[in-house]
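Colleague:
Protein chains: 4
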Amino acid sequence: MFSNTRTTRIEWGDCDPAGIIYYVRYFEIFDVSTTMLFERAIGMKKIQYLKAYNFLGHPVAETRAKFRVPTRFGDEVRIKTDVVAVGRSSIKLEHRLFLGDAVAAEGSETRVWAVRDPGNPERVKSEPIPAEIAERLRNAPVAGG
Amino acid sequence: MFSNTRTTRIEWGDCDPAGIIYYVRYFEIFDVSTTMLFERAIGMKKIQYLKAYNFLGHPVAETRAKFRVPTRFGDEVRIKTDVVAVGRSSIKLEHRLFLGDAVAAEGSETRVWAVRDPGNPERVKSEPIPAEIAERLRNAPVAGG
Amino acid sequence: MFSNTRTTRIEWGDCDPAGIIYYVRYFEIFDVSTTMLFERAIGMKKIQYLKAYNFLGHPVAETRAKFRVPTRFGDEVRIKTDVVAVGRSSIKLEHRLFLGDAVAAEGSETRVWAVRDPGNPERVKSEPIPAEIAERLRNAPVAGG
Amino acid sequence: MFSNTRTTRIEWGDCDPAGIIYYVRYFEIFDVSTTMLFERAIGMKKIQYLKAYNFLGHPVAETRAKFRVPTRFGDEVRIKTDVVAVGRSSIKLEHRLFLGDAVAAEGSETRVWAVRDPGNPERVKSEPIPAEIAERLRNAPVAGG
Numbered sequence: 371m372f373s374n375t376r377t378t379r380i381e382w383g384d385c386d387p388a389g390i391i392y393y394v395r396y397f398e399i400f401d402v403s404t405t406m407l408f409e410r411a412i413g414m415k416k417i418q419y420l421k422a423y424n425f426l427g428h429p430v431a432e433t434r435a436k437f438r439v440p441t442r443f444g445d446e447v448r449i450k451t452d453v454v455a456v457g458r459s460s461i462k463l464e465h466r467l468f469l470g471d472a473v474a475a476e477g478s479e480t481r482v483w484a485v486r487d488p489g490n491p492e493r494v495k496s497e498p499i500p501a502e503i504a505e506r507l508r509n510a511p512v513a514g515g
Numbered sequence: 371m372f373s374n375t376r377t378t379r380i381e382w383g384d385c386d387p388a389g390i391i392y393y394v395r396y397f398e399i400f401d402v403s404t405t406m407l408f409e410r411a412i413g414m415k416k417i418q419y420l421k422a423y424n425f426l427g428h429p430v431a432e433t434r435a436k437f438r439v440p441t442r443f444g445d446e447v448r449i450k451t452d453v454v455a456v457g458r459s460s461i462k463l464e465h466r467l468f469l470g471d472a473v474a475a476e477g478s479e480t481r482v483w484a485v486r487d488p489g490n491p492e493r494v495k496s497e498p499i500p501a502e503i504a505e506r507l508r509n510a511p512v513a514g515g
Numbered sequence: 371m372f373s374n375t376r377t378t379r380i381e382w383g384d385c386d387p388a389g390i391i392y393y394v395r396y397f398e399i400f401d402v403s404t405t406m407l408f409e410r411a412i413g414m415k416k417i418q419y420l421k422a423y424n425f426l427g428h429p430v431a432e433t434r435a436k437f438r439v440p441t442r443f444g445d446e447v448r449i450k451t452d453v454v455a456v457g458r459s460s461i462k463l464e465h466r467l468f469l470g471d472a473v474a475a476e477g478s479e480t481r482v483w484a485v486r487d488p489g490n491p492e493r494v495k496s497e498p499i500p501a502e503i504a505e506r507l508r509n510a511p512v513a514g515g
Numbered sequence: 371m372f373s374n375t376r377t378t379r380i381e382w383g384d385c386d387p388a389g390i391i392y393y394v395r396y397f398e399i400f401d402v403s404t405t406m407l408f409e410r411a412i413g414m415k416k417i418q419y420l421k422a423y424n425f426l427g428h429p430v431a432e433t434r435a436k437f438r439v440p441t442r443f444g445d446e447v448r449i450k451t452d453v454v455a456v457g458r459s460s461i462k463l464e465h466r467l468f469l470g471d472a473v474a475a476e477g478s479e480t481r482v483w484a485v486r487d488p489g490n491p492e493r494v495k496s497e498p499i500p501a502e503i504a505e506r507l508r509n510a511p512v513a514g515g
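Chains as they are written, first to last, in my numbering: chain A, 371 to 515; chain B, 371 to 515; chain C, 371 to 515; chain D, 371 to 515.
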């Protein structure tokens with residue numbers, strides 16, 4: 371399965387009056403991590419692959435997270451994201467966010483491959499994931515890639 | 371168990387390039403809903419009850435959500451929040467966000483009653499929920515309250 | 371000139387480790403206030419008037435703000451927004467955010483009436499404000515409206 | 371005067387239904403840029419220099435920004451931040467955000483050196499900037515630093 375690791379930094383504006391990260395920010399971090407995994411797997415930026423495959427995005431249908439160790443502004447964190455299942459029109463991913471060696475937060479999410487409903491452009495519907503993309507998400511990244 | 375319902379509106383800045391709410395915003399909506407439930411149960415604003423009980427907050431240890439129907443800027447939504455369990459030092463809550471009669475999103479979260487670790491003010495530790503607060507969270511709101 | 375007043379509440383997640391509002395959130399508050407003013411002046415929700423007038427939005431070209439008194443989570447604030455100038459394709463607005471009787475923050479912004487460039491849908495261009503909308507923005511709200 | 375340049379990426383969640391950055395996000399980008407400039411000038415992370423100098427932060431008293439070219443998710447941008455004035459208890463900074471060679475956005479801000487009012491911990495007051503910090507902010511960064 372495909373996997374990607376990135377780093378980011380917790381900022382002052384991400385933290386709340388308790389002086390620790392406002393937990394909602396973790397979902398933004400996870401969302402960016404998923405985008406980066408897709409971009410690397412597909413070999414295009416999101417703005418490009420939305421056009422290339424004429425789709426609307428990969429909205430989250432379901433997500434969960436556990437927060438184990440608080441992080442603070444200035445903390446450099448590392449997020450490892452793994453594809454754990456690729457279905458017909460959905461993908462499941464898992465994130466682990468590390469502060470040093472400790473898993474500070476972990477999340478999982480199920481995303482759907484979504485297009486505008488041609489019969490009703492106000493509505494969003496799911497559609498099968500293109501075979502070549504499913505294939506790339508199922509494979510490990512090429513070494514050094 | 372205590373319960374509270376509030377309304378809010380999805381705004382332009384909450385929505386993403388797909389034209390629908392950026393799912394991360396739902397967690398902000400749920401967090402505000404939990405605050406409002408606590409404020410009503412305890413009978414004080416959060417800024418007051420943090421002082422009155424000398425605690426740091428009720429950080430989320432675990433959360434999950436399902437997104438069923440996309441909402442858009444301008445949508446008026448209603449969020450019903452229910453206490454579902456009150457433990458020794460943790461509280462579990464559930465949120466249902468309605469667009470009209472449809473449940474557009476639902477979430478659950480486990481929060482802990484947190485204080486600064488006296489031995490290490492950098493650290494956060496959990497502590498038993500004061501009995502009078504546990505009591506109020508376990509009871510239904512007073513009618514008309 | 372048109373004018374609108376609304377209230378909102380500063381929330382925990384809007385505040386930073388200094389325990390006061392993270393100033394960036396004021397711009398979100400001002401943006402919602404502008405939307406509400408437009409909606410009331412035009413008599414439609416934003417999602418509707420974007421369609422009705424086939425335009426992309428009213429992005430901010432320039433903005434400035436002064437922050438005078440810090441606000442905190444739980445503070446109920448009132449925002450008065452005034453149209454101060456309506457040009458050919460731009461509108462200038464001013465916001466005053468009150469905490470009690472004190473002006474806690476004030477902002478001004480110049481917005482343009484923007485459409486997609488027909489020759490290049492990647493680009494945004496400004497266009498004259500429709501006469502009936504300019505007219506409504508220049509007039510005071512109808513009493514009780 | 372001190373100066374710092376950093377890069378960041380505009381993300382999906384930073385963009386609005388017009389498909390371009392929600393302008394409010396620029397202020398978050400500028401705030402992080404200021405933090406990074408201070409950290410580099412002082413030689414400590416923000417969480418450390420707040421403690422070392424026993425102060426509350428450097429809240430923004432006044433800010434303005436111009437948005438010239440819209441940016442989109444996936445855009446890599448470069449932000450150059452310059453100290454332009456160091457007063458007794460205030461600092462003025464300017465930001466230019468580049469998309470390629472174009473200045474896509476520019477901002478300026480006046481920040482104050484703030485401490486808790488000892489007579490009233492609810493209040494924030496300004497205080498003279500420590501001489502060594504004023505000195506560092508007034509000097510150019512050391513080459514290669």
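For every residue, glycine included, the Cβ atom is placed at its ideal position computed from N, Cα and C.
Helix, strand or coil for K416 (chain B) per DSSP?
Modeller: The sequence position of residue 416 (chain B) within the second sequence is 46, counting from 1. Here K416 (chain B) sits in helix by DSSP.
Colleague: May I ask you to list the residues that DSSP assigns as paired with I391 (chain A)?
Modeller: If you number the first sequence from 1, residue 391 (chain A) lands on position 21. DSSP lists A:C385 as partners of I391 (chain A).
Colleague: Does the distance from the C-beta atom of C385 (chain C) to that of F443 (chain C) stay below 8 angstroms?
Modeller: Locating residue 385 (chain C) in the third sequence gives position 15, where the first residue counts as 1. Locating residue 443 (chain C) in the third sequence gives position 73, where the first residue counts as 1. Yes. Within cutoff.
Colleague: Does D401 (chain D) come within less than 8 angstroms of chain B when only Cβ atoms are used?
Modeller: For this step, residue 401 (chain D) is matched to residue 31 along the fourth sequence. No - not a single Cβ of chain B is within 8 angstroms of the one on D401 (chain D).
Colleague: Identify the contact partners of N483 (chain A) in chain D, using a Cβ-Cβ distance below 9 angstroms as the criterion.
Modeller: Here residue 483 (chain A) refers to the residue found at position 113 of the first sequence. Per the sequence shown, the amino acid found at residue 483 (chain A) is Trp instead of Asn. Going along chain D, no residue has its Cβ under 9 angstroms from W483 (chain A), so there is no contact; the nearest lies around 16 angstroms.
Colleague: Span of the alpha helix (DSSP H) holding A501 (chain B)?
Modeller: Here residue 501 (chain B) corresponds to residue number 131 of the second sequence, with the count starting at 1. First-last of the alpha helix (DSSP H) with A501 (chain B): A501 to R508.
Colleague: Against chain A, which members of the region 400-426 of chain D pass a CB distance test of less than 7 angstroms?
Modeller: Cβ contacts with chain A come from D401, V402, T405, K415, K416 and I417.
Colleague: Mind checking if V394 (chain D) is an interface residue toward chain B, Cβ cutoff 8 angstroms exclusive?
Modeller: Position 24 of the fourth sequence, counted from the first residue, corresponds to residue 394 (chain D). Interface residue, yes.
Colleague: In chain A, which residues lie with their C-beta within 8 angstroms of the C-beta of K436 (chain B)?
Modeller: Indexing the second sequence from 1 puts residue 436 (chain B) at position 66. Going along chain A in sequence order, the residues near K436 (chain B) (Cβ under 8 angstroms) are A431 and E432.
Colleague: Thinking C-alpha only, which one of A:A510, A:T451, A:P488 and A:P498 is nearest L463 (chain A)?
Modeller: Position 93 of the first sequence, counting from 1, holds the residue named residue 463 (chain A). Checking every option, the nearest Cα to that of L463 (chain A) belongs to A:T451.
Colleague: Taking only runs that begin and end inside the region 421-502 of chain C, name each unbroken beta strand (DSSP E) of 3 or more residues, in chain order.
Modeller: Here the runs fully enclosed are 430-437, 446-456, 460-469, 472-482, 484-487 and 490-496.
Colleague: Mind checking whether A411 (chain A) and R506 (chain A) have CB atoms under 8 angstroms apart?
Modeller: Your numbering for residue 411 (chain A) matches position 41 in the first sequence. Your numbering for residue 506 (chain A) matches position 136 in the first sequence. Going by C-beta atoms, A411 (chain A) is nearer than 8 angstroms to R506 (chain A).
Colleague: Determine which residues of the region 464-481 of chain A have a Cβ less than 7 angstroms from any Cβ of chain B, and write them out in chain order.
Modeller: The region 464-481 of chain A vs chain B, Cβ under 7 angstroms: nothing.
Colleague: What does F397 (chain B) reach in chain A if we use C-beta pairs closer than 8 angstroms?
Modeller: For the purposes of this step, residue 397 (chain B) is taken as the residue at position 27 of the second sequence. Result: Y393, V394 and F397.
Colleague: Determine the burial state of A475 (chain C): buried for a count of at least 16 other Cβ atoms within 10 Å of its Cβ, exposed for fewer.
Modeller: Against the third sequence, residue 475 (chain C) aligns to sequence position 105. Burial call: buried.
Colleague: Would you report the Cα separation of V453 (chain A) and A504 (chain B), rounded to the nearest angstrom?
Modeller: As a position in the first sequence, residue 453 (chain A) is number 83, starting the count at 1. As a position in the second sequence, residue 504 (chain B) is number 134, starting the count at 1. One C-alpha to the other measures close to 40 angstroms.
Colleague: Taking its Cβ as the centre, do 16 or more other Cβ atoms sit within 10 Å of G440 (chain C), making it buried, or is it exposed?
Modeller: Counting from one through the third sequence, the residue named residue 440 (chain C) turns up at place 70. A small correction: the amino acid at residue 440 (chain C) is Pro; Gly does not occupy that position in the sequence shown. Buried.
Colleague: Is there contact between the region 401-415 of chain D and the region 403-410 of chain B, where contact requires at least three CB pairs shorter than 8 angstroms?
Modeller: Because the criterion of three Cβ pairs below 8 angstroms is not met, the region 401-415 of chain D and the region 403-410 of chain B do not touch.
Colleague: Express the C-alpha separation of A388 (chain C) and E479 (chain B) in angstroms, rounding to a whole number.
Modeller: Counting from one through the second sequence, the residue named residue 479 (chain B) turns up at place 109. Counting from one through the third sequence, the residue named residue 388 (chain C) turns up at place 18. About 26 angstroms.
Colleague: Please report whether the beta-carbon of I390 (chain B) lies at a distance below 8 angstroms from any beta-carbon of chain A.
Modeller: Translated into positions along the second sequence, residue 390 (chain B) becomes position 20. Yes, contact with chain A.
Colleague: Do V482 (chain C) and A431 (chain C) have their C-beta atoms within less than 8 angstroms of each other?
Modeller: Within the third sequence, residue 482 (chain C) is the residue found at index 112, counting from 1. Within the third sequence, residue 431 (chain C) is the residue found at index 61, counting from 1. Their beta carbons are under 8 angstroms apart, which means V482 (chain C) touches A431 (chain C) by this criterion.
Colleague: What is the C-beta distance between H428 (chain C) and A484 (chain C), in whole angstroms, given that I count them as a contact (C-beta under 8 angstroms)?
Modeller: Here residue 428 (chain C) refers to the residue found at position 58 of the third sequence. Here residue 484 (chain C) refers to the residue found at position 114 of the third sequence. Right, the Cβ-Cβ distance comes to about 7 angstroms (below 8 angstroms), so this counts as a contact.
Colleague: Determine, using beta carbons only, whether F372 (chain D) comes closer than 8 angstroms to chain B.
Modeller: Counting from 1 along the fourth sequence, the entry for residue 372 (chain D) is found at position 2. Not closer than 8 angstroms to any Cβ of chain B, the Cβ of F372 (chain D) fails to qualify, so no.
Colleague: Identify the residues that DSSP records as bridge partners of S373 (chain A): which are they?
Modeller: Mapped onto the first sequence, residue 373 (chain A) falls at position 3. S373 (chain A) pairs with A:D452.
Colleague: Can you tell me which of B:R486, B:A510, B:V394 and B:R448 puts its alpha carbon nearest to the alpha carbon of T377 (chain B)?
Modeller: Locating residue 377 (chain B) in the second sequence gives position 7, where the first residue counts as 1. Considering only alpha carbons, the answer is B:R448.
Colleague: Name the chain A residues whose beta carbon is nearer than 9 angstroms to that of P387 (chain C)?
Modeller: Taking the third sequence and counting its residues from 1, the one referred to as residue 387 (chain C) is at position 17. Result: W382, C385, D386, P387, A388, G389, I390, R442 and F443.
Colleague: Can you give the beta carbon distance from G383 (chain A) to Y396 (chain C), rounded, assuming they're within the 8 angstroms contact cut?
Modeller: Your numbering for residue 383 (chain A) matches position 13 in the first sequence. Your numbering for residue 396 (chain C) matches position 26 in the third sequence. Not quite, the Cβ-Cβ distance comes to about 13 angstroms (not below 8 angstroms), so this is no contact.
Colleague: Comparing the C-beta of V447 (chain A) with each C-beta of chain B, is any distance below 8 angstroms?
Modeller: Taking the first residue of the first sequence as 1, we reach residue 447 (chain A) at position 77. It does not; no Cβ of chain B falls within 8 angstroms.
Colleague: At a Cβ threshold of 8 angstroms, is V454 (chain A) touching chain B?
Modeller: Indexing the first sequence from 1 puts residue 454 (chain A) at position 84. Chain B, which has no Cβ nearer than 8 angstroms to the Cβ of V454 (chain A), makes this no.
Colleague: Tell me which same chain residues have a C-beta within less than 6 angstroms of the C-beta of S460 (chain D), skipping the five on either side of it?
Modeller: If you number the fourth sequence from 1, residue 460 (chain D) lands on position 90. Result list for S460 (chain D): T480 and V482, in chain order.
Colleague: Is it true that the CB of R434 (chain B) sits closer than 8 angstroms to the CB of R434 (chain A)?
Modeller: Counted from its first residue, the first sequence places residue 434 (chain A) at position 64. Counted from its first residue, the second sequence places residue 434 (chain B) at position 64. Cβ atoms of R434 (chain A) and R434 (chain B): closer than 8 angstroms.
Colleague: Measuring alpha carbon to alpha carbon, tell me which residue in B:T375, B:N374 and B:E398 is nearest I380 (chain C).
Modeller: Within the third sequence, the letter at position 10 stands for residue 380 (chain C). It is B:E398.
Colleague: Quick one: measure Cβ to Cβ for F400 (chain B) and G470 (chain B), integer angstroms, because I've assumed they're closer than 8 angstroms.
Modeller: Translated into the one-based positions of the second sequence, residue 400 (chain B) becomes position 30. Translated into the one-based positions of the second sequence, residue 470 (chain B) becomes position 100. About 19 angstroms separates the two Cβ atoms, so there is no contact after all.
Colleague: A510 (chain C) and M414 (chain C) - do their beta-carbons sit closer together than 8 angstroms?
Modeller: Here the question's residue 414 (chain C) lines up with position 44 in the third sequence. Here the question's residue 510 (chain C) lines up with position 140 in the third sequence. It is not a contact, given that the beta carbons lie outside the stated cut-off.
Colleague: For R379 (chain C), which residues does DSSP report across the bridge?
Modeller: By one-based count along the third sequence, residue 379 (chain C) stands at place 9. Beta-bridge pairing links R379 (chain C) to C:E446.
Colleague: Measure the Cβ-Cβ separation of P488 (chain D) and R458 (chain D) and say whether it is below 8 angstroms.
Modeller: Position 118 of the fourth sequence, counting from 1, holds the residue named residue 488 (chain D). Position 88 of the fourth sequence, counting from 1, holds the residue named residue 458 (chain D). Not a contact, by the Cβ cut-off of 8 angstroms.
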